[in-house]
Amino acid sequence: MLTLQYDTLNSFSNKKKTNVKKVHKMSSKSVKKFNRGALDVVYEDPELLKIQHQIIKFLGRLGKSNKALLENAYEKLDEIAIAWDSMYRNHLKYSVPFQDMKPDIYFDDFLPIILKLLQNQVILPDDLQKKYSMEALYKKLFPGLLELACDVEQVTKQLFRPLVLQIIHWFTCSRVSKCPETSVILLCLWDGVTDSQNAALRDFSAMCLREFFLWSIKQSSVKQPENLLSKLHSFSLHPNAFKRIGAALTFNNIYKIFRENETLVKKYTIQLLVQFVDSLAIAHTDNISLGTQEQCITALNHVQKILKETHKLFLKTDKSRKKPECLEEATLQSAVLWLLRQCGNTQTECRHKCMELVVTLAPFIPDFKNYTSFLMTYNNKEHNIFEDVFENVLRNFSSSGLHNHKTLKSIVLWLEALEASMDCYHWAFSKQFLLQNELYGEKYSSMISSIKIFKTIEYYVESIVKESLISIVNRNERDKSELFTPEEVLKFNKLKCTVLIRLFTFIVSVFSSDAKWFNEQFMKVLWNSSLWEIILLSCVDPLSLGFDMTDPEISLKLPEEVSTIIKQFAEKNDFQEFCKEYLKYKEKYNLMKILPINLLNSKQNYMQVMQLLKGYELLITNGFPPLTIFQKTTQTEIISSLLNSIWNDSMEMSGSTLKKRTLTPVAFSLAEQMLSACYNLELKVSFNMFFIKML
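Residue 64 is where the sequence shown starts when you use this note's numbering, and the numbers rise one by one after that.
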């Protein structure tokens, strides 16, 4: 480096000096400078200016006392050139702990420079401070610090987490809270909490935002916390799932700090309630493994707690309060009425959470007596609760069903609307919100007449539940055949079966003593062989309706739901007679027709036979007497045939010795189910247990 600078100076000294001109200023100021030995020399050659800049940069890089060469005032030279302590200079000693040695370094020479920089930094104008902003540096540095702070190595994590938190504490103080570096750090934290790959980074960034929120309230005004809440609002309604999960995760971290600040609670709580309900509705199509729905529900639980504790703050309007566009006014009563309307949403998780919020928050509304009067108050405001809530989406379709809707999207929307409507009615009946005595009279006659849920269910039972997706789409279009992916077929079957389970719960709730009108409508429209058939098929052959019995959750919960509705109708003679005739004349479901069962036949449809036996067992254990389904002689023959099949296929003769034959796991499960069926057909326990031990 020195050789390069030396060669440059020599090459320049050989140039002609005709381009260099000395200018002597004869003013009084020039004379004074001349007396001090200073002579202003102006060089017109631009090459010389470049050389001068290079020399200055070179001397500056060498460091130490070379900066004294830049001083123009000789009276200040002694302050720079002379040490603070001329007797002993090595006060600030530090031994660097390397592995092989510990060299000593002294910071005495750095102390004057550091002090001067600190003093000058305070008096620097804003434009100079912005000129030397570290905004670009922090854009690269801080994301790396965040990743190191949530590293898998414990030592790395322990080193960088305190550093990141201290940086946040510094940039939330009032003096630097408005500088561009603070905005950069906040932006990096939002990028971290919405990261799509690193869950640990999301969690730590949310913790850092909590720290930023806390220290902003401590050290500066509420403007920074309000900016953070505004950003949270925009992210919670973002189409990107990771933006929404980041917003919910952030609020769940700052919740304990937020609830203690009455100003923020009073201003933002109603807005937070609405935005997280909307966010939960958007999350309906998200993959459940992302956790978006879980985080939104947790956030709504926190908002619910705040409203319960501070409900008096929201009984009247306030000019400072944020008012969502969907509310008439930012009060608790208006918010609860809005939540009631959301109970008819097709998004399942959002619908259930809104139902819970209505039940929790409605008692805090002024003049609240009971839930029935609350619902009737909604009707008194020239609204129809059945059209606006219970059948909100369903009213967009005709009562005849899907005649004009042939696409998969429209079929799914119709099924979701039907599910939401039945879910709402079940909720209202189970909580006794709709009492029969409240619906009498001409006042509610027009409201009752608008109910079309029963006609829609009738169409579903007769035209949808037993059909495949392809047959529904191509029902009246013989020349057109549309193909669907296995995923689309699976989605349709799952939704169709979910609607069927909702139908069972709806039917059970309709038979409540307080729902007389609905009971009458049900018996008039739905109580027929079409409904009886799907109830029976849910017992003996759920696979034909689209149920995936290989799913452990379905195989466990479906029998519970079916048992409930069978108990409801087991004593009705017309239903009993239909089941008896159906099982007798449908050979596929006639147990006598499939006996004997061969446990060693690999071509045997074990799942179908096992489900048929479970279906018979469900009927018998939930109110159907065995003699209702079988005659006495038939019952004895079935028991004998089942036991003989188990004995013959599980035992074998080896010479004169009787040995147990090893069955496959599926065959063994079928044998257990056969024994269980025998037991429920009134076989003695002792004999049954004998065969269990033998197996």
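Virtual Cβ for every residue (Gly too), placed ideally from N, Cα, C.
(1) Beta carbon of residue 692, beta carbon of residue 676: below 9 angstroms?
(2) Runs of 4 residues minimum, wholly inside the region 294-360: which ones carry the alpha helix (DSSP H) assignment?
(3) Would you kindly work out how many angstroms separate the C-alpha atoms of residue 209 and residue 521, rounded to a whole number?
(4) Can you have a look at residue 191 and say buried or exposed, based on whether 16 or more other CB atoms are within 10 angstroms of its CB?
(5) For a test of the three-state rule: what should DSSP assign to residue 266, helix, strand or coil?
(6) Take residue 268 and list the residues in its own chain whose beta-carbon comes closer than 7 angstroms to its own, dropping the five residues that flank it on each side.
(7) Roughly how many whole angstroms lie between the Cα atoms of residue 621 and residue 329?
(8) Report all residues from its chain with a CB closer than 8 angstroms to the CB of residue 429; omit the five preceding and five following residues, and keep chain order.
(9) Please return the same chain residues whose Cβ sits closer than 6 angstroms to the Cβ of residue 712, not counting the five positions on each side in sequence.
(10) For residue 288, is the classification buried or exposed, using 16 other Cβ atoms within 10 angstroms of its Cβ as the cut-off for buried?
(11) If you run the structure through DSSP and keep just helix, strand and coil, what is residue 257?
(12) Going straight from the alpha carbon of residue 656 to that of residue 710, what length do you get?
(13) Please report how far the alpha carbon of residue 333 lies from the alpha carbon of residue 401, in whole angstroms.
(14) Could you name the residues of the same chain whose beta carbon sits closer than 6 angstroms to that of residue 559, not counting the 5 residues immediately before and after it, in chain order?
(15) Roughly how many angstroms lie between the CA atoms of residue 715 and residue 347, to the nearest whole one?
(16) How about the region 341-361 and the region 297-308: do they share at least three Cβ pairs that are nearer than 8 angstroms?
(17) Suppose the cutoff is 6 angstroms on Cβ atoms and the five residues either side in sequence are ignored; what does the same chain contact list for residue 387 look like?
(18) So what's residue 725 in DSSP terms, helix, strand or just coil?
(19) Helix, strand or coil for residue 104 per DSSP?
(20) Quick check on residue 673: does DSSP put it in helix, strand or coil?
(21) Could you tell me the boundaries of the alpha helix (DSSP H) in which residue 486 lies?
(22) Does DSSP put residue 411 in a helix, in a strand, or in coil?
(23) Rounded C-beta distance between residue 423 and residue 367? I'm assuming under 8 angstroms.
(24) In the DSSP assignment, find the beta strand (DSSP E) that holds residue 167 and state where it starts and stops.
(25) Decide if residue 486 is buried, meaning its Cβ has at least 16 other Cβ atoms within 10 Å, or exposed.
(26) State the CB to CB distance for the pair residue 602 and residue 678, rounded to an integer number of angstroms; the pair is presumed to be in contact (CB under 8 angstroms).
(27) If you measure between the beta carbons of residue 660 and residue 584, is that distance less than 9 angstroms?
(28) Are the beta-carbon atoms belonging to residue 345 and residue 300 less than 9 angstroms from one another?
(29) Could you tell me the alpha carbon to alpha carbon distance between residue 728 and residue 315, rounded to whole angstroms?
(30) Within 10 angstroms of its Cβ, does residue 342 collect 16 or more other Cβ (buried), or is it exposed?
(31) Do you know offhand how far residue 689's Cα is from residue 635's?
(32) On the three-state DSSP scale, how would you describe residue 720?
(33) Thinking residue 271 and residue 317 are a contact (beta carbons under 8 angstroms), I'd like their distance in whole angstroms, please.
(34) Where does residue 283 sit, in a helix, a strand or coil, going by DSSP?
(35) What residues match up with residue 157 in a beta bridge as DSSP calls it?
(36) I need the straight-line Cα distance from residue 615 to residue 470, nearest angstrom please.
This is what the structure holds:
(1) Against the sequence shown, residue 692 aligns to sequence position 629. Against the sequence shown, residue 676 aligns to sequence position 613. Cβ distance not < 9 angstroms, so residue 692 and residue 676 don't count as in contact.
(2) Runs of the alpha helix (DSSP H) lying entirely within the region 294-360 and spanning at least 4 residues, in chain order: 304-321, 325-345.
(3) For the purposes of this step, residue 209 is taken as residue 146 along the sequence shown, with counting starting at 1. For the purposes of this step, residue 521 is taken as residue 458 along the sequence shown, with counting starting at 1. Each residue's alpha carbon lies about 58 angstroms from the other.
(4) Against the sequence shown, residue 191 aligns to sequence position 128. Because the pLDDT at residue 191 is just 48, under 50, the model does not fix this residue reliably, and the point stays unresolved.
(5) As a first step, residue 266 is located in the sequence shown; it is residue number 203 there, counting from the start. Residue 266: helix per DSSP, three-state reduction.
(6) In the sequence shown, counting from the first residue as 1, residue 268 sits at position 205. For residue 268, where only same-chain residues beyond five positions count, the Cβ hits under 7 angstroms are 209, 252, 255, 256.
(7) Looking up residue 621 in the sequence shown gives position 558. Looking up residue 329 in the sequence shown gives position 266. C-alpha separation (whole angstroms): 46 angstroms.
(8) Reading the sequence shown from its first residue, position 366 is the one you call residue 429. So the qualifying residues of the chain are 378, 396.
(9) Counting from 1 along the sequence shown, the entry for residue 712 is found at position 649. Excluding residues within five positions, the ones whose Cβ falls inside 6 angstroms are 662, 663.
(10) By 1-based counting over the sequence shown, the position of residue 288 is 225. By the 10 Å Cβ count, residue 288 comes out buried.
(11) Here residue 257 refers to the residue found at position 194 of the sequence shown. Note: residue 257 maps to coil in three-state DSSP.
(12) Locating residue 656 in the sequence shown gives position 593, counting from the first residue. Locating residue 710 in the sequence shown gives position 647, counting from the first residue. Taking the straight line joining both Cα atoms gives about 20 angstroms.
(13) Reading the sequence shown from its first residue, position 270 is the one you call residue 333. Reading the sequence shown from its first residue, position 338 is the one you call residue 401. Cα-Cα distance, rounded: 11 angstroms.
(14) One-based indexing of the sequence shown puts residue 559 at position 496. Answer for residue 559: 609, listed in chain order.
(15) Within the sequence shown, numbered from 1, the residue matching residue 715 stands at position 652. Within the sequence shown, numbered from 1, the residue matching residue 347 stands at position 284. Taking the straight line joining both Cα atoms gives about 56 angstroms.
(16) yes
(17) Taking the sequence shown and counting its residues from 1, the one referred to as residue 387 is at position 324. So the qualifying residues of the chain are 334, 337.
(18) The residue given as residue 725 occupies position 662 in the sequence shown. Residue 725: coil per DSSP, three-state reduction.
(19) The residue labelled residue 104 in the question sits at position 41 within the sequence shown. Only weak support exists for where residue 104 lies, its pLDDT of 47 falling under 50; the coordinates are left without a value.
(20) Taking the first residue of the sequence shown as 1, we reach residue 673 at position 610. Residue 673 falls in the helix class under three-state DSSP.
(21) Within the sequence shown, numbered from 1, the residue matching residue 486 stands at position 423. Run containing residue 486: 471-493, per the alpha helix (DSSP H) assignment.
(22) As a working mapping, residue 411 is identified with position 348 in the sequence shown. Three-state DSSP puts residue 411 in a helix.
(23) The residue you call residue 423 lines up with position 360 of the sequence shown. The residue you call residue 367 lines up with position 304 of the sequence shown. Taking the Cβ atoms as the reference, residue 423 lies roughly 6 angstroms from residue 367, within the contact range of under 8 angstroms.
(24) Along the sequence shown, one-based indexing puts residue 167 at 104. Its beta strand (DSSP E) spans residues 167-169.
(25) If you number the sequence shown from 1, residue 486 lands on position 423. Residue 486 should be labelled buried.
(26) Counting from one through the sequence shown, the residue named residue 602 turns up at place 539. Counting from one through the sequence shown, the residue named residue 678 turns up at place 615. Contact flag correct, Cβ pair sits at about 4 angstroms.
(27) Residue numbering aside, residue 660 sits at position 597 when the sequence shown is read from its first letter. Residue numbering aside, residue 584 sits at position 521 when the sequence shown is read from its first letter. It is not a contact, given that the beta carbons lie outside the stated cut-off.
(28) Counting from one through the sequence shown, the residue named residue 345 turns up at place 282. Counting from one through the sequence shown, the residue named residue 300 turns up at place 237. Yes, the Cβ-Cβ distance between residue 345 and residue 300 is below 9 angstroms.
(29) Taking the first residue of the sequence shown as 1, we reach residue 728 at position 665. Taking the first residue of the sequence shown as 1, we reach residue 315 at position 252. Roughly 47 angstroms between the two C-alpha positions.
(30) The residue given as residue 342 occupies position 279 in the sequence shown. Per the 10 Å Cβ criterion, buried.
(31) On the sequence shown, position 626 is the one that residue 689 refers to. On the sequence shown, position 572 is the one that residue 635 refers to. Answer to the nearest angstrom: the Cα atoms are 15 angstroms apart.
(32) Here residue 720 refers to the residue found at position 657 of the sequence shown. Strand, per DSSP.
(33) Within the sequence shown, residue 271 is the residue found at index 208, counting from 1. Within the sequence shown, residue 317 is the residue found at index 254, counting from 1. Contact flag wrong, Cβ pair sits at about 11 angstroms.
(34) Counting from 1 along the sequence shown, the entry for residue 283 is found at position 220. Residue 283 falls in the coil class under three-state DSSP.
(35) Within the sequence shown, residue 157 is the residue found at index 94, counting from 1. Answer by DSSP bridge pairing, in chain order: 168.
(36) Translated into positions along the sequence shown, residue 615 becomes position 552. Translated into positions along the sequence shown, residue 470 becomes position 407. Cα to Cα, the separation comes out at about 31 angstroms.
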